Amino acid sequence: MKFSQIVPALLALVPISQACLLPEESEFDGAGPVRRQTTNTGIAIGIGDRFQDGTIAPRGLGTQPAGTDLGTLLSVKEIESAFRGLAKVYSLETFETPFKTYENATIFGGKIGGKFNGKCDISFRVFLNAAIHARERGSSDNLLYFLGDLLYAYKNKVGLIYGGRTFTFEDVRKAYSVGIVFLPLSNPDGVAWDQATHSCWRKNRNPTSAIPGNPNSIGIDLNRNFDFLWDFPKLFTATVAPNVASNNPAAQTFHGLSPESEAETKSIVWVMNKFSALRWFLDIHSYIGVVLYNWGSDDSQSSMPGMSFLNATYNEERGLMPDQPASGLAYSEYVPSTDWRDKIYAAMRMGNAMDASTGRHYEVEQAAYLYPTSGASDDYAYSRHFADPGKSKIHGFTVEFGFGNREASCAFYPTPAQYHQNMLETSAGFMEFLLSAEMIGLGDRGSCPGF
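Start counting at 1 in the sequence shown, then tack on 482, and there's your number in my numbering.
Structure below.
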């Protein structure tokens, strides 16, 4: 089935001005982040360390009374402290990726639950990633506070309540059992810079390809740097290619000098390789109020396996929606029908749970209908097993939480009220994502020495 006959109207429903890219940034090589002339920077950033140097674990809104005020946005220091607090209080195993960022930061992660009591890398089947885009404030907070809730509820044998969405302890047990690996801060340099400058900064801080005298040209858009259709000028239709990524270092979607060139991107790939039985991946973004599933390169079809990103015959035909058969431009990305069904089902469950939590409505759609992209994390995750059948199949998803702050200097900086609404919604969505993974399937059990 091909959706290009029935879905184009959806494009009119998705205000691109509210997506990961602002309108001025999405038009070809729009250079530099866009800021409003105001001193309003949304919710304040925390000062000090509420987790007391990693001795206190974060608890979110699902295990505390309704209306609980979590205070300020987590600073980079507090993100690290909250992570260490989870590890200390709940005896989590942690890891560091082997790649240092340009500013010598370490990218750290943790492991929760899983098969075989979490004793082997194949125990873990779900990967949650936060803060790949620096300015999308609340991404790390949403993940850490949710995991704090999940661990607290599992330990104390209680359920979770996120506004209008309730989960039982049995739900908690199932979610915990899937085995979670997570990176709470995958772009530490970018987040630190954005918090220090309130500059609406999206990229990392690698200056290798920067244009002298142009500070906006520092950094790479990490979510265009993965090895999936990275060489976009050769792989997408000419009229679409300038919008899927950029070769201009000053652009917000600059994809770097080569695929997987950045320490941050390498770290995410390293996690997928190390935990080789991963089956589900979720990248956490803001803001447009939507849950996205593969593919993001073009619309999907399930009848022609040969029409895929691996087939050079279709180079320079991708990304145009709807197709133009009269011009010889007709391409859709292959996805097996069962995978397509599973992706839609999981995404719908997430969206419905997020709706139920606060009453705000989240759209659910294939990623390409937001705007076609190349080099994105979710498509890379799903593409791996097609490119190399020896790798596990990883269903890729993106959640774009929240609906933006029109009064702030950067629309990605939420108000205190929005911050708490976003947390209720994402937490409910994360739970439903884990439960969907558990129900749809986690892949082969595999074997673990000693079990």
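Positions of the beta carbon are idealized from the N, C-alpha and C atoms, including for glycine. In this text, all values refer to a predicted model and were calculated from it rather than measured experimentally.
Item to complete: For the beta strand (DSSP E) containing Q848, list its first residue and its last residue.
Response: E845 to Q848
Fill in: Buried or exposed (CB count within 10 angstroms, at least 16 for buried), T747
buried
Discussion item. If you measure between the beta carbons of L625 and L642, is that distance less than 9 Å?
Written reply: no
Worksheet item: Of the residues V654, E562, V663 and V640, which one's Cα is nearest the Cα of I594?
Response: V663
Discussion item. On the criterion of 16 or more Cβ atoms from any shown chain inside 10 Å, does I766 qualify as buried, or is it exposed?
Written reply: By the 10 Å Cβ count, I766 comes out buried.
Worksheet item: So, using beta-carbon positions, are S814 and D781 closer together than 9 Å?
Response: Contact: yes.
Worksheet item: Which stretch, first to last residue, makes up the alpha helix (DSSP H) that contains R831?
Response: Per DSSP, R831 belongs to the alpha helix (DSSP H) from S819 to T840.
Item to complete: Give me whichever residues DSSP pairs with A762 in a beta bridge.
Response: According to the sequence shown, residue 762 is Trp rather than Ala. Answer is V608 and H877, bridged to W762.
Fill in: Reduced DSSP category for I525 - H, G, I as helix; E, B as strand; rest coil
Under the three-state reduction of DSSP, I525 is assigned to coil, being neither helix nor strand.
Worksheet item: When burial is assigned at 16 or more other CB atoms within 10 Å of the CB, is D870 buried or exposed?
Response: exposed
Worksheet item: Taking all protein chains shown into account, do 16 or more other C-beta atoms lie within 10 angstroms of the C-beta of F714, making it buried, or fewer, making it exposed?
Response: buried
Worksheet entry | Whether H719 touches G801 by CB criterion (9 Å) | For clarity, residue 719 is Thr in the given sequence; the question names His instead. Yes, Cβ-Cβ distance for T719 and G801 is below 9 Å.
Worksheet entry | Delimiting residues of the alpha helix (DSSP H) encompassing E934 | The question about residue 934 has no answer, for the chain in this structure spans 483 to 933.
Worksheet item: Along the chain, which unbroken stretches of the beta strand (DSSP E) at least 3 residues long are found entirely within the region 864 to 909?
Response: 877 to 883
Discussion item. If I follow the unbroken beta strand (DSSP E) through Y775, where does it start and stop?
Written reply: It spans V772 to Y775 - the beta strand (DSSP E) in which Y775 sits, taken as one unbroken run.
Worksheet item: What are the boundary residues of the beta strand (DSSP E) that Y627 is part of?
Response: Y627 -> not in any beta strand (DSSP E); alpha helix (DSSP H) instead, spanning S621 to N638.
Discussion item. Can you check which of these residues, D821, L917 and K825, is closest to V846 by C-alpha distance?
Written reply: Scanning D821, L917 and K825 for the CA closest to the CA of V846 turns up K825.
Practice prompt. Note down the Cα distance separating F555 from F590, rounded to an integer number of angstroms.
Written response: Residue 555 is actually Leu in this sequence, not Phe. Approximately 20 Å between the Cα atoms of the pair.
Fill in: Under the three-state DSSP convention, the category Q783 falls into
strand
Worksheet item: Taking contact to mean at least 3 C-beta pairs separated by less than 8 Å, is the region 874 to 888 in contact with the region 849 to 866?
Response: Yes, the region 874 to 888 touches the region 849 to 866.
Fill in: Span separating the alpha-carbon of P931 from that of Y901
Each residue's alpha carbon lies about 44 Å from the other.
Worksheet item: Out of R619, S621 and S659, which has the shortest C-alpha to C-alpha gap to Y636?
Response: S659
Worksheet item: Sorted by chain position, which residues of the same chain lie with C-beta nearer than 7 Å to Y699's C-beta, five sequence neighbours on each side aside?
Response: One detail in the question is off: residue 699 reads as Ser in this sequence, not Tyr. Around S699: A692, I693, P731 and A732.
Worksheet item: Three-state secondary structure (DSSP) at E562?
Response: Helix.
Worksheet item: Got a sec? Which residues, its chain only, sit under 7 Å from K756 by beta carbon, not counting five neighbours each side?
Response: Excluding positions up to five away in sequence, the list reads D603.
Worksheet item: Would DSSP call Y644 helix, strand or coil?
Response: The answer is strand: DSSP assigns Y644 an E or B state.
Fill in: Straight-line Cα distance separating L543 from S785
44 Å
Discussion item. On a Cα-Cα basis, can you pick out the residue from R842, E798 and A850 that is closest to R647?
Written reply: R842
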